[in-house]
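Visitor: This is the structure I have questions about; it appears just below.
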Amino acid sequence: MMLWFAMPLTALLYLWVKKLARRYQHPLVNPILLPALIIIALLIASGQDGGAYQAGTQPLNRLLELAVVAFALPLYQQAAKIRQQLAPIVLCCSLSALISVGTTLVIGGILQANPELLASIATKSITTPLAMSVSQAMGGIPAIAAGLVIIVGMMGAIIGFPLLRWAGIHHPEAQGLAIGAGAHAIGTSAAAEEGPVQGAFASLAMVVSGIATAVLAPPLFHLYLWFMQ
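Adding 10 to a residue's 1-based position in the sequence shown gives its number in my numbering.
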């Protein structure tokens, strides 16, 4: 039964929470977080198979691929600004990837975490397909990597902009770069709703940070393993 109702249920929940978000303007009223929690609760309560739900939402997954490609539009619209600041943008996103992976490995070393687990969580701040591929190449568990990516993205979408404003960061380009580098596609979606400049720079940061993490994470992880021997 969940197979037939999966797509309309997902769409209706998203639209309902989206309406609530416009009304209440609260970071926890998030159109990604709340529908996900409701659907998880319904699956558990009804005993339905998660695979059936996933199969029922395949058309939405296809549309999601097109939506990700559509992130290129704000990049094109902000191309002049991006060209003027490309070098510092690449540097900042690369440093963000270095800090994200590095702090994960340092904290993991202090806590004596399992290397397989560390390889799974070191890619937490990049988009899901990249995170799964890179973590698997390092000996991690792709399912854990994907789960953490979703959690980090939701956290960024919920508290990212309130946290930036609380810290006194109001520049739209800086906001976009921070959200895109830290919360990948889910955060970029929230940034696009915040404004066209934030959306464009978040899209760029998501791409650059993903590439930087894919390049930096494996050698840093192997360096960590060598150091911990």
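All C-beta atoms, glycine included, are put in the ideal place defined by N, C-alpha and C.
#1: What are the start and end residues of the alpha helix (DSSP H) that includes M238?
#2: Secondary structure at P41, three-state DSSP: helix, strand or coil?
#3: Which ranges would you report for the alpha helix (DSSP H) in the segment 77-111 if only whole runs of at least 4 residues count?
#4: Go through the segment 133-183 residue by residue and report every complete run of the alpha helix (DSSP H) that reaches 4 residues or more, in order.
#5: Check whether the segment 203-216 and the segment 124-135 are in contact - that is, three or more C-beta pairs closer than 8 Å.
#6: Does the beta-carbon of T113 have 16 or more other beta-carbons within 10 angstroms, so that it is buried, or is it exposed?
#7: Do the CB positions of G205 and T198 come within less than 8 Å of each other?
#8: Which runs of the alpha helix (DSSP H) fall wholly inside the segment 26-73 and span at least 4 residues, in chain order?
#9: In or out: F35 buried (at least 16 other Cβ within 10 Å) or exposed?
#10: Please identify the residue among Q88, G166, F15 whose C-alpha is closest to the C-alpha of F58.
#11: Looking at C-alpha atoms only, which residue of I196, I168, K28, S110 is the closest neighbour of A222?
#12: If contact is defined by three or more beta carbon pairs under 8 Å, each pair taking one atom from either stretch, is the segment 96-105 in contact with the segment 118-125?
#13: How would you write the range of the alpha helix (DSSP H) that L127 sits in, first residue to last?
#14: If we count the other Cβ atoms within 10 Å of its Cβ and call it buried at 16 or more, is K134 buried or exposed?
#15: Note down, in chain order, each residue of its chain lying with its Cβ closer than 6 Å to the Cβ of S104, except the 5 sequence neighbours on either side.
#16: Can you check whether the CB of P41 is closer than 8 Å to the CB of A51?
#17: Less than 8 Å between the CB atoms is what I'm expecting for L121 and F231, so what's the real figure, rounded?
#18: From V159 to P152, what does the alpha carbon distance come to, in whole angstroms?
#19: Quick check: what's the CA-CA separation for G186 versus V207?
#20: May I ask you to report which of helix, strand or coil DSSP gives A21?
#21: What's the C-alpha gap between Y234 and V225?
#22: According to DSSP, simplified to helix, strand and coil, what is M11?
#23: Are the beta-carbon atoms belonging to H194 and I136 less than 8 Å from one another?
#24: Can you tell me which of A147, A201, Q88, I179 puts its alpha carbon nearest to the alpha carbon of M164?
Guide: Put simply:
#1: As a working note, residue 238 is residue 228 in the sequence shown. Where M238 is concerned, the enclosing alpha helix (DSSP H) stretches over 206-238.
#2: Here residue 41 corresponds to residue number 31 of the sequence shown, with the count starting at 1. Residue state for P41 is assigned as coil, using DSSP reduced to three classes.
#3: Runs of the alpha helix (DSSP H) inside the segment 77-111: 82-87, 89-94.
#4: Qualifying alpha helix (DSSP H) stretches, in chain order: 138-147, 152-176.
#5: Inter-segment contact for the segment 203-216 and the segment 124-135 is absent: fewer than three beta-carbon pairs are separated by less than 8 Å.
#6: Residue 113 sits at position 103 when you count from the first residue of the sequence shown. Classification of T113: exposed, given that the 10 Å Cβ count is below 16.
#7: Indexing the sequence shown from 1 puts residue 205 at position 195. Indexing the sequence shown from 1 puts residue 198 at position 188. Against a cut-off of 8 Å, the Cβ pair of T198 and G205 comes out as no contact.
#8: Those alpha helix (DSSP H) runs which fall completely within the segment 26-73 and span 4+ residues are 43-56, 60-66.
#9: The residue given as residue 35 occupies position 25 in the sequence shown. Reading off the sequence, residue 35 comes out as Gln, not Phe. By the neighbour-count rule (16 or more Cβ atoms within 10 Å), Q35 is not buried but exposed.
#10: Counted from its first residue, the sequence shown places residue 58 at position 48. The sequence given here places Gln at residue 58; Phe does not occur at that position. Residue F15 is the option with its Cα nearest to Q58.
#11: In the sequence shown, counting from the first residue as 1, residue 222 sits at position 212. Sorting I196, I168, K28, S110 by C-alpha distance to the C-alpha of A222 places S110 at the top.
#12: Touching, no, given that fewer than three Cβ pairs across the two stretches are closer than 8 Å.
#13: By 1-based counting over the sequence shown, the position of residue 127 is 117. Element bounds for L127: 125-131.
#14: Position 124 of the sequence shown holds residue 134. That one is buried.
#15: Against the sequence shown, residue 104 aligns to sequence position 94. The answer, listed in chain order, is A222.
#16: Mapped onto the sequence shown, residue 51 falls at position 41. Mapped onto the sequence shown, residue 41 falls at position 31. Between A51 and P41, the C-beta gap is not smaller than 8 Å, which leaves the two residues out of contact.
#17: If you number the sequence shown from 1, residue 121 lands on position 111. If you number the sequence shown from 1, residue 231 lands on position 221. In fact, because the Cβ distance is near 16 Å, the residues do not count as touching under 8 Å.
#18: One-based indexing of the sequence shown puts residue 159 at position 149. One-based indexing of the sequence shown puts residue 152 at position 142. Those two C-alpha atoms are separated by around 10 Å.
#19: Position 176 of the sequence shown, counted from the start, is the residue given in the question as residue 186. Position 197 of the sequence shown, counted from the start, is the residue given in the question as residue 207. Taking the Cα positions, G186 is about 7 Å away from V207.
#20: To locate residue 21, count along the sequence shown from 1; it is residue 11. Helix.
#21: The residue labelled residue 234 in the question sits at position 224 within the sequence shown. The residue labelled residue 225 in the question sits at position 215 within the sequence shown. About 15 Å.
#22: The residue you call residue 11 lines up with position 1 of the sequence shown. Residue placement at M11 is poorly supported in this model, since its pLDDT is 47, which falls under 50; the coordinates are not used for a value here.
#23: Working through the sequence shown from its first residue, we reach residue 194 at position 184. Working through the sequence shown from its first residue, we reach residue 136 at position 126. The answer is yes: Cβ separation under 8 Å.
#24: Taking the sequence shown and counting its residues from 1, one reaches residue 164 at position 154. That would be A201, whose Cα lies nearest to the Cα of M164.
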